[in-house]
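What the sequence shown shows, in our numbering, is residues 782 to 955, in sequence order. C-beta atoms are modelled at their ideal positions from N, C-alpha and C, and glycine is treated no differently. Beneath this line is the structure, given in structure tokens, with notes to follow.
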Amino acid sequence: MSRKSPAHRRSGRLAVVAAGLVLAVGVGVSTQVSAQAAVHAPAKVSAAASRSVSGTTGQAVTRVADFYGAYIDAKGDYEDPDVTLATALRKHYLTPDFAERLAAWEEDNGVDGVLRAQNVPARWTVADNGAVGMGHEVIVTLTFGSGDTTQKTKLFVLLERYNHIVDITTTTNG
Numbered sequence: 782m783s784r785k786s787p788a789h790r791r792s793g794r795l796a797v798v799a800a801g802l803v804l805a806v807g808v809g810v811s812t813q814v815s816a817q818a819a820v821h822a823p824a825k826v827s828a829a830a831s832r833s834v835s836g837t838t839g840q841a842v843t844r845v846a847d848f849y850g851a852y853i854d855a856k857g858d859y860e861d862p863d864v865t866l867a868t869a870l871r872k873h874y875l876t877p878d879f880a881e882r883l884a885a886w887e888e889d890n891g892v893d894g895v896l897r898a899q900n901v902p903a904r905w906t907v908a909d910n911g912a913v914g915m916g917h918e919v920i921v922t923l924t925f926g927s928g929d930t931t932q933k934t935k936l937f938v939l940l941e942r943y944n945h946i947v948d949i950t951t952t953t954n955g
């Protein structure tokens, strides 16, 4: 009976593991190649397309970002804005009391109260501003225009404890 040294057995195991990895990676690559061949993807991906956006359910910043993103999309189609969607978003995200106050503010000022403008921003950012009383404040910065002719509007969005928007102002609530 011939006995192999522990070092010889280890190198044999490593060879088996290495062969298994090569096989697994090879199968994975061939599967990916055939799957990619079936999908017509652009040959070049721009840097902008590789950005990602993430969020967390129940987080104030995510909730406000979701609202503003969807609202701007609904209002932003100049040829055919989706008024029904914009109205439904307001109903879903705003408290009834604030929706009523916002409608009165819009009547007095002649602009969209969510955006504080007549037009739709080209870009927006959303940032956490922390707890305020029993609620949470989020800063929304809207950028209107492009190139050298941009204007920024900073809004302070206050959410109640149950994540409904109770106020949108141009000054902090804190």
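Item, Value
"Candidates G916, E941, K933 and V947, of which the one nearest N900 by Cα", "K933"
"At least three beta-carbon pairs within less than 8 Å, the stretch 868-888 to the stretch 923-932", "no"
"Beta-carbon gap between L940 and A841 smaller than 7 Å", "yes"
"Spatial neighbours of L870 in its chain, beta-carbon cut-off 6 Å, leaving aside the 5 residues before and after", "A851 and Y852"
"Bounding residues of the beta strand (DSSP E) (the contiguous stretch that carries D929)", "D929 -> no beta strand (DSSP E), and no H or E assigned at all."
"As assigned by DSSP and simplified to three states, the class of T952", "coil"
"Residue from N890, V892, H873 and K856 whose Cα sits closest to the Cα of R844", "H873"
"Limits of the beta strand (DSSP E) - the one that V913 falls within", "R904 to V913"
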